[in-house]
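Step one of this worksheet: look at the structure below.
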Amino acid sequence: MKIKKVVREYPFTLTVTLDGLLAHFAVAFTSPTFAIFAALLTGAVLVRGRHTVTRMVVAAGIRLRHHASFHRFFSERRWEMDDLWKGLVELIAKKLLDPNDVIRIAVDDTAAAKTGGKIHGAGMVFDNRPAARKGWNLRWGHTWVWLTVRLRVRLWPDHTFALPVQAERYRSQKECQKTGRPFLTKPQLALKMIQKVVSWFPGRRFLLDVDGGYASGELMQGLPENVQVVGRLRHDAALYALPPPKRSGRGRPAQRGRRLATPKGYVARRPKGWTRVELPNGDSYEVQAWVALWWSVFRKKPILVVAARHPARKSGEKPGPVSFFYSTDLTLTPVQTLAEYDDRWSIECLIHEVKERMGFEDPQCRTEAAVDRTPAFLLWTAGLVQYWYLAQGAEAPSVWRPRWRPRAVHEPPSFSDMLSALRQEILANRFMQGSTSKDDLIQTVRTFIESAAYAA
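Per the working numbering, the sequence shown runs over residues 48 to 503.
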């Protein structure tokens, strides 16, 4: 019934392939709110340039409703982003993941630049984007922590896609004191999101990919038992040997063995211990691997330590610098550990695409609810666009490309390709939709022209 109401009130909003997806999320809204949600989703897909709420309304072709109702959707209406995230994860697990496979997830954080002193929670945050000058890596804005699912599909088995499944805004201690919220660090926010997603799929196994900034005891020691971790290791990490066998007699058994050399010192003492391996992507590395305890982070849980470097390309040349990685899953080989961490590049690509194509930083909302919801809604929309494209498989629409942008037939699609395909689907549906009268035809053409102008 909610879908029919949307089609009746906003006749240019849905397409044949989209209405079934939106019906999956209808339970999260009342009928009036669901209609606004569907219109904003369409506008978020169609609009080019700044993704402000007003521009999304114009791109969606909405004429009969005041724009304030769409702003109130984010600032006042009663709905939860977790309902949208859960629905998206369920779709991904059902259509794109094998029931017996490990669910591969990744965590990262990024800065969202803002302008204006009235935006709730904005402050000086670290931005890891390349800066023009030293010291220019601080921006006025927010910091967001993202959780993504990393997956591969049959058509492109060698390419990893990162689909967002959770996002939380990091709040400073000063903001938490003002609002009465408990302060959570970024690792604690990541743990909160991971526990939430894991609770939606009891019995499934997870493999978490993190960078060095999340190697924290407050995250790692709180993870569920069915979550294993792959990440980057500090070169000066305090490692210990495994505890010796328990001896007979009285006394507490040892929880850890003797102190080992740091990872950097360990490989320095074994200059001939390197083994050459090749990753699935064709990159060659020299590796050393051993098992140890990283007591300050994982306590009694052993990890596989992997040291890796690029080999010398010719005689007389020095090998590349050494990097260190770890895996709590001791069944993984050094090659598999490096390959899993190498797949982190997919979330970096997602961050770039969502900022550039979906306007993650564009909304200038001021109230707390709108500040938390609007960017998360745009990120969720990006995940839905990816799911819509990948779920169609071989039936996914091909994207027209100009001659100066050639692409091999089997090259994996970028997020821009997926977004362009969905835009074509929506615009074609609008133009081909039948009209019962001349006035309806004029209205259809006028709305199509306006939407095409914003989507061009």
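Where a beta carbon is used, it is the ideal one built from N, C-alpha and C, also for glycine.
Under three-state DSSP, which class holds residue i?
i       : result
Pro-146 : coil
Val-392 : It should be noted that the sequence gives Trp, not Val, for residue 392. Residue state, collapsed to three classes: helix.
Ala-70  : helix
Gly-264 : helix
His-206 : strand
Phe-81  : helix
Leu-65  : helix
Met-405 : coil
Arg-323 : strand
Arg-279 : strand
Leu-377 : coil
Phe-41  : Past the edges of the chain, shown from 48 to 503, lies residue 41, and the structure says nothing about it.
Leu-286 : coil
Asp-130 : helix
Phe-76  : coil
Leu-138 : helix
Asp-464 : helix
Glu-458 : coil
Gln-242 : helix
Gln-471 : helix
Glu-215 : strand
Leu-270 : coil
Val-94  : coil
Thr-384 : helix
Ile-166 : coil
Val-54  : Unreliable positioning characterises Val-54 in this predicted model, as indicated by a pLDDT of 44, which lies under 50. A coordinate reading is not provided.
Quick check on this structure: which residue in the options has the alpha carbon closest to the alpha carbon of residue i?
i       : options                               : result
Arg-201 : Gly-440, Arg-228 and Glu-458          : Gly-440
Tyr-434 : Lys-141, Met-171 and Ala-86           : Lys-141
Ala-315 : Val-369, Gly-90 and Arg-413           : Val-369
Pro-290 : Gly-298, Arg-303 and His-282          : Arg-303
Ala-336 : Asn-328, Pro-327 and Thr-322          : Thr-322
Val-418 : Ala-85, Trp-341, Ala-75 and Thr-99    : Thr-99
Arg-176 : Thr-157, Pro-234 and Ala-285          : Thr-157
Phe-407 : Cys-396, Leu-469, Thr-421 and Glu-395 : Thr-421
Ala-159 : Trp-126, Trp-193 and Lys-133          : Trp-193
Met-267 : Asp-409, Met-171, Phe-76 and Arg-346  : Arg-346
Leu-426 : Trp-191, Thr-207, Ser-295 and Pro-234 : Trp-191
Ile-549 : Phe-372, His-189 and Tyr-436          : For the chain, the structure presents residues 48 to 503; residue 549 sits outside this window and is missing.
Gly-250 : Arg-294, Glu-272 and Arg-470          : Glu-272
Asp-258 : Phe-372, Pro-318 and Leu-231          : Phe-372
Between which two residues does the alpha helix (DSSP H) carrying residue i extend?
i       : result
Gly-367 : Looking at the DSSP string, Gly-367 is not in any alpha helix (DSSP H), and its letter there is neither H nor E.
Val-105 : 100 to 106
Arg-119 : 115 to 122
Thr-226 : 220 to 226
Just how far apart, CA to CA, sit residue i and residue j?
i       : j       : result
Val-274 : Asp-376 : 9 Å
Leu-210 : Pro-310 : 33 Å
Leu-270 : Asp-145 : 23 Å
Ala-339 : Thr-414 : 48 Å
Leu-466 : Val-432 : 6 Å
Ala-359 : Asp-155 : 32 Å
Pro-366 : Asp-389 : 19 Å
Tyr-313 : Leu-307 : 8 Å
Gly-163 : Arg-216 : 18 Å
Ala-262 : Ala-214 : 19 Å
Trp-341 : Ala-107 : 53 Å
Tyr-332 : Val-324 : 5 Å
Glu-472 : Gly-96  : 20 Å
Tyr-247 : Glu-137 : The amino acid at residue 247 is misidentified as Tyr; the sequence shows Trp. Rounded to whole angstroms, Trp-247 to Glu-137 spans 8 Å at the Cα level.
Gly-296 : Ser-393 : 53 Å
Lys-233 : Val-344 : 15 Å
Leu-437 : Ala-153 : 19 Å
Ala-301 : Ala-288 : 11 Å
Val-382 : Lys-348 : 21 Å
Thr-428 : Lys-319 : 51 Å
Gln-235 : Gly-298 : 35 Å
Met-405 : Thr-380 : 38 Å
Trp-183 : Ser-463 : 29 Å
Specify, as a first and last residue, the run of the beta strand (DSSP E) that residue i falls within.
i       : result
Trp-191 : 185 to 200
Phe-230 : Where Phe-230 is concerned, there is no enclosing beta strand (DSSP E), given that its DSSP letter is neither H nor E.
Tyr-332 : 331 to 340
Pro-310 : Per DSSP, Pro-310 belongs to no beta strand (DSSP E); it is in the alpha helix (DSSP H), 310 to 315.
Gly-430 : Element bounds for Gly-430: not the beta strand (DSSP E) but the alpha helix (DSSP H), 415 to 438.
Ile-350 : 349 to 356
Val-172 : 170 to 173
Leu-255 : 253 to 256
**Cβ contact check for the region 276 to 283 and the region 252 to 263: 3 or more pairs under 8 Å** = A contact exists between the region 276 to 283 and the region 252 to 263.
**Asked** Quick check: the region 107 to 118 against the region 213 to 232, are there 3 or more CB pairs under 8 Å?
**Response** Contact fails between the region 107 to 118 and the region 213 to 232, because fewer than three Cβ pairs, one in each stretch, are under 8 Å apart.
**Prompt:** At a cut of 8 Å, does the region 395 to 402 reach the region 343 to 356 through at least three beta carbon pairs?
**Reply:** Contact between the region 395 to 402 and the region 343 to 356 is absent, because fewer than three Cβ pairs lie under 8 Å.
**Message:** Quick check: the region 371 to 387 against the region 323 to 332, are at least 3 beta-carbon pairs closer than 8 Å?
**Reply:** A contact exists between the region 323 to 332 and the region 371 to 387.
**Message:** Check whether the region 224 to 235 and the region 280 to 300 are in contact - that is, three or more C-beta pairs closer than 8 Å.
**Reply:** At 8 Å Cβ cutoff, the stretches do not touch.
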